[in-house]
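All you need for the numbering used here is the position in the sequence shown, starting with 1, plus 15.
Backbone N, C-alpha and C define an ideal beta-carbon position, used for all residues, glycine too.
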Amino acid sequence: MLDLLFNLKFLKQDIGVSIVRRSPAILANKNINVINRVGADGDLYEDLGGRKDIIIPVECNFVADNPKTIFRRVKHWLNNIEDNKLIFTDDPGWFYKVVNVEIGQMEVKFKRKGEFTINFTCRGWQYSLDGDEFLEIENNTMLYNEYDLAKPLIYVEGNGEITITINNNKFKVMVKDYLYIDSELEIAYREKTDCLNIDEGDYPVLTYGENNISFTGNVSKIEMKPRWREV
């Protein structure tokens with residue numbers, strides 16, 4: 016039986032609610048700017064980069080002596096989010112990043128059967144659980160990406176100006192003890208409330224195929240969460 020894991024709980028196993036229907040796999044649309052050309056054949060399409068968010072509706076039901084008690088449990092679970100990964104048990108190695116959750120009104124039938132729909136708004140990618148773990152990166156390392164372009168999270172320990180090169184992109188950061196470099200958010204930080212920028216170069220990405228990584232400076236350790244992903 017299909018189940019889902021979200022916010023550290025399984026819908027069926029932990030809360031007692033079953034999935035009736037889930038939408039088919041959704042391909043997130045690219046962010047495209049359409050330029051109309053008056054008097055010309057067809058339009059121009061400018062790829063702005065990235066993909067639009069997607070909505071995954073999940074229709075649910077359950078049977079209980081007091082449906083309102085179960086529904087309150089569901090609402091509490093969805094309104095107090097500690098982990099935004101959404102995993103379906105028929106694809107357990109991959110997850111969606113949930114950015115918003117909406118739950119419809121519950122309809123009660125025969126006094127004991129509750130029915131409702133959860134709409135999960137997610138980023139337009141599926142992420143590999145394997146790519147959500149930090150890897151220690153040695154100098155002059157090759158990391159192979161068999162998926163789409165990835166935007167990693169890098170953790171650096173060291174001091175002073177440190178230069179990191181990934182393929183043809185060389186970027187510099189000033190490090191005091193440690194620093195995170197987040198290519199998804201395009202920020203560098205020690206704490207997320209203290210946002211910085213890289214000093215030179217572009218935020219790193221991991222392209223399909225081989226990615227050669229090297230660094231110079233007073234580096235104690237570099238770790239990378241590659242964030243492997245596919246549409």
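- CA-CA distance, G65 to L20, rounds to 26 Å.
- Under the three-state reduction of DSSP, K191 is assigned to strand.
- Comparing alpha-carbon positions, the option among D163, N48, Y193 lying closest to G175 turns out to be Y193.
- For N226, the closest alpha carbon among the candidates F186, S235, Y170, Y159 is that of Y159.
- Listed in chain order, the non-local C-beta contacts of Y218 below 6 Å within the same chain comprise S198, E201, local neighbours out to five positions each way being set aside.
- Ranked by Cα distance from E130, the options E117, E74, N22 are led by E74.
- Around the CB of L63, fewer than 16 other CB atoms lie within 10 Å, so the residue is classed as exposed.
- One alpha carbon belongs to L93, the other to E151, and they sit about 34 Å apart.
- Assignment of beta-bridge partners to F230 by DSSP yields I179.
- Assigned with DSSP and collapsed to three states, Q120 falls in coil, not helix or strand.
- Assignment of R242 by DSSP, reduced to helix, strand and coil, places it in the coil class.
- Ranked by Cα distance from K124, the first of M239, Y204, A79 is A79.
- Rounded to the nearest whole angstrom, the CA to CA distance from K100 to D56 is 44 Å.
- The count of Cβ pairs closer than 8 Å, one atom from the segment 104-116 and one from the segment 136-156, reaches three, so the stretches are in contact.
- P72 is not a Cβ neighbour of S33, given a cutoff of 8 Å.
- For F131, the uninterrupted beta strand (DSSP E) segment begins and ends at 128-143.
- In this structure, R138 sits away from D58, with a CB-CB distance that is not shorter than 8 Å.
- Only buried fits G173, as 16 or more other CB atoms lie within 10 angstroms of its CB.
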